[in-house]
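Contents: one structure, followed by commentary.
In my numbering, the protein residues as written are 4 to 129.
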């Protein structure tokens, strides 16, 4: 069984990043919208799915937020250093989590800002 990163499939901003992460991790990680798989993971609440990405590892451990993203990216050997920094530097971990949850909470606004700065070239819509 591969790890599975579960995300909000109705969020264009989320899909943009999921595509980048898929490119980095190739076939080592599965990705699925919570709207399709939530019933398979009753231990994860709807609030948790809506708040942040959820990583379900092969051993059943679940992580979320920045930690989950960095654990996923660590499936690319050239990006393991990000997770190691998170694990070994509490300041980095704190900044990563605060940044993740700020972005997650304001993703709609940030989508508009990014689209504006890219002069419409950045595709963030569904």
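Where a beta carbon is used, it is the ideal one built from N, C-alpha and C, also for glycine.
Keep in mind the model is a prediction, meaning the values are calculated, not measured.
In the assembly as shown, residue 23 is an exposed residue. Its beta-carbon has fewer than 16 other beta-carbons within 10 Å. Judged by their CB atoms, residue 47 and residue 65 are nearer to each other than the 9 angstroms cut-off.
Inclusion of residue 96 and residue 70 in the CB contact set at 9 angstroms is warranted, their separation being smaller than that value. Separation of the CB atoms of residue 52 and residue 37 is rounded to 4 angstroms, and the pair is thereby assigned contact status at 8 angstroms. In chain order, 95 place their CB closer than 6 angstroms to the CB of residue 88, counting only its own chain and leaving out the 5 sequence neighbours on each side. For residue 21, the enclosing alpha helix (DSSP H) starts and ends at 15 to 28.
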